[in-house]
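Notes follow once the structure below has been shown.
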Amino acid sequence: MAIRLIFLTVLMTVLNGCTGKPETITPVSSFELNKYLGTWYEIARLDHSFERNLDKVSATYSMNADGSVKVINKGFNTQKQQWKEAVGKAKFVKTQDIGYLKVSFFGPFYGSYIIFYLEPDYSTALISSYNYEYLWLLSRQKQLTNEQLQKYLTIAQQAGFDTSKLIFPNQ
Numbered sequence: 000m001a002i003r004l005i006f007l008t009v010l011m012t013v014l015n016g017c018t019g020k021p022e023t024i025t026p027v028s029s030f031e032l033n034k035y036l037g038t039w040y041e042i043a044r045l046d047h048s049f050e051r052n053l054d055k056v057s058a059t060y061s062m063n064a065d066g067s068v069k070v071i072n073k074g075f076n077t078q079k080q081q082w083k084e085a086v087g088k089a090k091f092v093k094t095q096d097i098g099y100l101k102v103s104f105f106g107p108f109y110g111s112y113i114i115f116y117l118e119p120d121y122s123t124a125l126i127s128s129y130n131y132e133y134l135w136l137l138s139r140q141k142q143l144t145n146e147q148l149q150k151y152l153t154i155a156q157q158a159g160f161d162t163s164k165l166i167f168p169n170q
């Protein structure tokens, strides 16, 4: 998500000052941040300029000394043949047991980061932002089986996302 996904989502959210959420999206409950920390690979995303032409996209989450979450989004720009990286900070919007965070890559401006589906073993997640134009499918693995992929696409579609517009970056 990874880097550019979150970066642009945050950028757009920051520019719009938006930490809201789509009506049909409910953040996961019983969320455990320590289980979520670590590296995630972007399996699919909706297209946005901040992630355009990026492959090998990942997001790495770790704790900052102040209790916020450090976010490092990284991806390889296939046109420019160079790595891009964005470093941000995430904080919980409500309580720490709800997968609803706000992420900033630009100072005081935050954008929504809503985990609306999460496997019990924290292996795969679906993420949204403040509207239906932002969607990421993240996994601890670089690839999913076709069966797994269809499961998550169905969940996203049922939540109101146009999955026909998804981009599947090479990992």
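The numbers in numbering that gives the first Met the number 0 rise by one with no breaks, and the one at position 37 of the sequence shown is 36. Glycine residues also receive a C-beta, built at the ideal position from the N, C-alpha and C atoms.
Q: Leaving aside the five residues before and after Tyr116 along the sequence, list all residues of the same chain whose C-beta is less than 6 Å from its C-beta, in chain order.
A: Counting only Cβ-Cβ distances below 6 Å, and skipping sequence neighbours, we find Leu125, Ile154.
Q. What residue range is occupied by the uninterrupted beta strand (DSSP E) comprising Gln174?
A. Lying outside 0 to 170, the shown extent of the chain, residue 174 is not represented and no answer is given.
Q) In three-state DSSP terms, what is Phe49? A) DSSP, read as helix, strand or coil, puts Phe49 in helix.
Q) Given that a residue counts as buried once 16 or more other Cβ atoms are within 10 Å of its Cβ, and exposed if not, what is Leu28? A) Looking at the sequence shown, residue 28 is not Leu but Ser. Exposed, because fewer than 16 other Cβ atoms sit within 10 Å of the Cβ of Ser28.
Q: State buried or exposed for Ser138, treating a residue as buried only when at least 16 other CB atoms are found within 10 Å of its CB.
A: That one is buried.
**Q.** Gln170 vs Tyr40 beta-carbon contact at 8 Å
**A.** In this structure, Tyr40 lies closer than 8 Å to Gln170 by Cβ.
Q.
I need the straight-line Cα distance from Gln140 to Ser122, nearest angstrom please.
A. A straight-line Cα-Cα distance of about 8 Å links Gln140 and Ser122.
Q) Whose C-beta lies closer than 6 Å to the C-beta of Thr38 among residues of the same chain, with five residues either side of it excluded? A) Cβ within range, chain order: Ser57, Thr59.
(Q) Less than 8 Å between the beta carbons of Gly159 and Tyr129, yes or no? (A) In this structure, Gly159 keeps its C-beta atom at 8 Å or more from the C-beta atom of Tyr129.
(Q) I need the straight-line Cα distance from Ser127 to Trp82, nearest angstrom please. (A) When rounded, the distance between both Cα atoms is 24 Å.
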